[in-house]
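The sequence shown begins at 4 in the numbering used here and counts up by one.
Inspection log for the structure reproduced underneath, given as structure tokens.
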Amino acid sequence: MLYGHDKVNILMNPTPISYLANVSKDLGIELYLKRDDMTCLGTGGNKLRKLEYLIKDAMDKGATMLLTTGGAQTNHGRLTAASASHFGLKVAIVAVDEYPGEISANLILDGIMGCPVYLVHNDGTRTKQELANEAFAKVTEEWEAKGEKVYFICTGGSSNIGMLGYYDCALELDKQLKEMSLSDVRVITTVGSMGTYMGLFAGQKNENLDFRLTGIAIEPFPDGIEKTAIEYYNSCKEEFGLKFEAKESDFDMTCDYHRGAYNNPSKEVRESIYYLGRKEGIIMDPCYTGKTFAGIKEMVEKGEIAKGETVVMLHSGGIPGIYTKHHRV
Ligand SMILES: Cc1ncc(COP(=O)(O)O)c(C=O)c1O
């Protein structure tokens, strides 16, 4: 129970921490991975931690169906579908996105798990958000007319309740680091819709945990990443009565390694994925974790991560992205 919110059990915690001996030797740092890619439903990934809280909230509110959103190839949608199957709920995804030209990767998995994906063409007549809101209303109406009670989950599950999953993870990680006698640790996570980073941040600050936290953004934040972060944190603080008073300077996040745009294929990321696969037999994805890992390599080269530093990167999953047309060619 965290701040009055309970969760359902999906994960088999704790997720393991792997030491990357070969890469550590090459880079001159001590590099570990927190294996949230090894979470147990729908091929795994970070969203399951958020969904543990979100599904409990949905069920407490009497929902029979989950509705969520993202891109056509959303990892979060796939894991929402998996969790819905597990708990006997109906599920659908709305994506304001174009058909990617084939049913591949997450779209195959969504189909296997019985999750319809409603693709909405962006005709430019309204904003993307307006189109999405209209589609959410239409799909909700359609399913509620059939007797379902729909619970909406925002992009990436990055709501206040969703971030509690990574608040929990901060505590889990701290316990593991102590058991492993690791000190002066820097935890590095990918930043997309920010719930993962925010949960780790809120957990670390409010529980006075020892590790440092750095976020690597996978897309630009035009309104400023710290501004987005403080607004998100303060909303959680107000809702849950968090004690820690945050300032923008408390957030350690970089937008230097997003390679231009969301899901943009890039040589550096591709090479980093191949390098890790060949050195350690561990697979990362091109949109999120591969970008973060490429960022870590560059941060070491530039001295932004010091030689000898102990780094624990969160492997947040996303592997199906490898099988999209976009990244295969
Ligand atoms: C594989 C993977 N890693 C990291 C992230 C980023 O997490 P967050 O959206 O909580 O910032 C996502 C989000 O979709 C993801 O799918």
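Backbone N, C-alpha and C define an ideal beta-carbon position, used for all residues, glycine too.
Just so it is clear, the structure is predicted and the values come from calculations on it, not from any experiment.
DSSP state of Leu110 mapped onto helix, strand, coil:
helix
- prompt: From Ser252, Ile276 and Ala173, pick the residue whose C-alpha is nearest to that of Arg360; which is it?
  reply: Missing from the structure shown is residue 360; the chain here goes from 4 to 332 and no further.
Pick from Ile308, Lys178, His329 and Thr143 that is closest to Ile32, judged by C-alpha positions
Ile308
For the region 91–106 against the region 67–79, do three or more pairs of beta-carbon atoms, one drawn from each stretch, fall closer than 8 angstroms, so that the two count as touching? yes
Quick check on Gly104: does DSSP put it in helix, strand or coil?
coil
#### Entry: Option in Phe204, Leu110, Lys141 and Gly321 with minimal Cα separation from Lys250
Phe204
Original post:
Taking all protein chains shown into account, do 16 or more other C-beta atoms lie within 10 angstroms of the C-beta of Pro19, making it buried, or fewer, making it exposed?
Top reply: exposed
| task | Determine, using beta-carbon pairs with one atom in the region 266–275 and one in the region 232–251, whether at least three such pairs fall under 8 angstroms. | result | no
- Would the region 132–143 and the region 186–198 be scored as touching if the rule is three or more Cβ pairs under 8 angstroms? no
Own chain partners of Thr143 with C-beta closer than 7 angstroms, once the 5 adjacent residues on each side are dropped
Leu70 and Val153
Problem set entry | Residues bridged to Gly320 (per DSSP) | Gly48
Handout entry: Delimiting residues of the beta strand (DSSP E) encompassing Ile156
Key = Val153 to Ile156
If you drop the 5 nearest sequence neighbours on each side, which residues of the same chain put their C-beta closer than 8 angstroms to that of Asp255?
Arg215, Leu216, Thr217 and Gly218
| query | What distance in whole Å lies between the Cβ atoms of Pro223 and His261, which are believed to be in contact at a cut-off of 8 angstroms? | reply | 6 angstroms
request  = Mark Thr77 as exposed unless 16 or more other C-beta atoms lie within 10 angstroms of its C-beta, in which case mark it buried.
outcome  = buried
- Integer-rounded CB distance, given that Cys239 should sit under 8 angstroms from Met166: 6 angstroms
Mind the definition here: the region 48–67 touches the region 9–28 only if three or more C-beta pairs lie below 8 angstroms; say whether that holds.
yes
> Between Gly160 and Lys50, is the Cβ-Cβ spacing less than 8 angstroms?
Replying inline: yes
- Using a threshold of 7 angstroms, is the CB atom of Met197 nearer than that to any non-hydrogen atom of ligand 1? yes
Closer than 7 angstroms: is that where the CB of Asn49 sits relative to any heavy atom of ligand 1? yes
Would you mind stating whether Ala84 and Asp39 have Cβ atoms separated by less than 8 angstroms? no
Following a CB-centred definition, is Thr292 positioned closer than 7 angstroms to any heavy atom of ligand 1?
yes
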